[in-house]
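Q: Pasting a structure here, questions to come.
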Amino acid sequence: MLRWLTAMTQQPFSQEPFMVSGLHGDQILGARSNQQDSFSILAGDDALVLVLADGMGGYTGGELASRAAIEGFFQAFERENRSPGKRMKDAVTAANEQVRTVRKKRGKDDEMGTTLVAAWIGPEGLRWVSVGDSLLLLIREEKMFLLNDLHQYSAELERMADEGSISREEALSHPSRHSLTSALMGREVPLVDLREECFPLVPGDRLLVASDGVGPYLDSLGPAGMRYLSMLSAEELVRSVLEGINRDGAPNQDNATLICAEIAEA
């Protein structure tokens, strides 16, 4: 049996089979005038699915695209009853098709599209699928790890730097460094990061699903800041990060969305 949880989960979510003792998600506008990030959480008897989409494409286009992707993903995920990997793969295809449908209804040949990252937490651990540059992060033993591949031009620039065709300085300062190399736009999706093999989670882990608007703030935290986050509950962690982003007040701050799942202590 599957059931929706509220977008902003105010109470810890606990389910014995996969040992999630705390769950919270929230978002802020940043310096933007509208919210183009969307996220949702789906809970079943033996799984928890966290999905986030970061839209792009003008004032309303990004908002419509991210909502369409979330809707398409979950419609397909609920319909299927196969392996988690196969379900996630099919759900991404459905999400992309839903974006195509919305673009067609708009009747505009714009660059409307969205990223998408989905984390499946089950009894054996974690699986994921992602397209674009939204983040799947793990805080473990006071250190933060990026789990998914980011589909940015920076990866190609780093390869070119390794080969010596450009300098490391050129790679780091390239104006297109953060351009997306894959997104859901209702067309062929160039790159999909699908992790079908289960990634083990351990008690005390904090699993984060985040839009790229959260990344710079997390990167700015030193060892002391990461140690502090690792001690917080899911709700406290989300609140601390989003309040920190607002407090910094970067003039070009993007929308910021963060979901945290806290893995139970033994």
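Numbered per my numbering, the sequence shown spans residues 10 to 275. Yeah, the Cβ is synthetic: ideal placement off N, Cα and C, and Gly gets one too.
Does T124 pass the burial test, meaning 16 or more other C-beta atoms within 10 Å, or should it be called exposed?
A: Sequence index remark: in the sequence shown, residue 124 carries index 115 (1-based). It counts as buried.
Q: Pick from S49, A219, L57 and Q44: whose alpha carbon is nearest that of T69?
A: The count along the sequence shown starts at 1 and reaches residue 69 at position 60. With distances taken between Cα atoms, T69 lies closest to Q44.
Q: For R149, which three-state DSSP category applies?
A: As a first step, residue 149 must be located in the sequence shown, where it is residue number 140. Correct three-state label for R149: strand.
Q: With the cut-off set at 8 Å, would you say N142 and L189 are in Cβ contact?
A: On the sequence shown, position 133 is the one that residue 142 refers to. On the sequence shown, position 180 is the one that residue 189 refers to. A small fix is needed here, since residue 142 is Asp in this sequence, not Asn. Yes; because the gap between Cβ atoms is below 8 Å, this pair is in contact.
Q: 8 Å is my cut-off, CB to CB: does A219 come that close to chain C?
A: As a matter of chain content, chain C is missing from the structure shown, which is built from one protein chain.
Q: How about the segment 93-104 and the segment 167-175: do they share at least three Cβ pairs that are nearer than 8 Å?
A: Verdict: no, contact absent.
Q: Give the range of the alpha helix (DSSP H) segment to which V60 is assigned.
A: Here residue 60 refers to the residue found at position 51 when the sequence shown is read from its first residue. That residue, V60, is in no alpha helix (DSSP H); its beta strand (DSSP E) goes L57 to M65.
Q: If you count every other CB in all the chains shown that lies within 10 Å of the CB of T15, and 16 or more means buried, which is it?
A: Start at 1 with the first residue of the sequence shown, and residue 15 comes out as number 6. Any reading at T15 needs caution, since the residue's pLDDT is 38, under 50, leaving its predicted position unreliable; the model's value is listed next. Exposed is the call here.
Q: Under DSSP, the beta strand (DSSP E) around G37 begins and ends at which residues?
A: By one-based count along the sequence shown, residue 37 stands at place 28. Note that residue 37 corresponds to Ile in the displayed sequence, not to Gly. Note, I37: beta strand (DSSP E), V29 to I37.
Q: Please state the DSSP three-state secondary structure of V201.
A: For the purposes of this step, residue 201 is identified with residue 192 of the sequence shown, where counting begins at 1. Three-state result, V201: coil.
Q: Check whether the Cβ atoms of G122 and A77 lie closer than 8 Å to each other.
A: One-based indexing of the sequence shown puts residue 122 at position 113. One-based indexing of the sequence shown puts residue 77 at position 68. No; because the gap between Cβ atoms is not below 8 Å, this pair is not in contact.
Q: For L159, collect the residues of the same chain with a Cβ closer than 7 Å to its Cβ; drop the 5 residues on either side in sequence, then sort them by chain order.
A: Numbered from 1 along the sequence shown, position 150 holds the residue referred to as residue 159. Closer than 7 Å at Cβ, skipping near neighbours: D142.
Q: Give the DSSP-derived three-state secondary structure of T266 in the structure shown.
A: Counting from one through the sequence shown, the residue named residue 266 turns up at place 257. Correct three-state label for T266: strand.
Q: Indicate whether the contact test is met: 3 or more Cβ pairs, each with one atom in the segment 143-162 and one in the segment 212-231, closer than 8 Å.
A: Segments in contact, yes.
Q: Buried or exposed, going by whether 16 or more other CB atoms sit within 10 Å of the CB of L181?
A: Residue mapping note: residue 181 aligns to position 172 of the sequence shown, counting from 1. The residue in question, L181, is exposed, as its Cβ has fewer than 16 Cβ neighbours within 10 Å.
Q: Which class does G70 belong to by DSSP, given the choice of helix, strand or coil?
A: Counting from one through the sequence shown, the residue named residue 70 turns up at place 61. Of the three classes helix, strand and coil, the one that applies to G70 here is helix, per DSSP.
Q: Using a Cβ-Cβ cutoff of less than 7 Å, which residues in the same chain neighbour N255 once the five nearest sequence positions on both sides are dropped?
A: To locate residue 255, count along the sequence shown from 1; it is residue 246. Within the same chain, N255 has close Cβ partners I37.
Q: Leaving out the 5 sequence neighbours to the left and right, which residues in its chain are closer than 7 Å to G94 when beta-carbon positions are compared?
A: Within the sequence shown, the letter at position 85 stands for residue 94. Within the same chain, G94 has close Cβ partners R136, L203 and E205.
Q: Please state the DSSP three-state secondary structure of G53.
A: By 1-based counting over the sequence shown, the position of residue 53 is 44. Three-state DSSP puts G53 in a strand.
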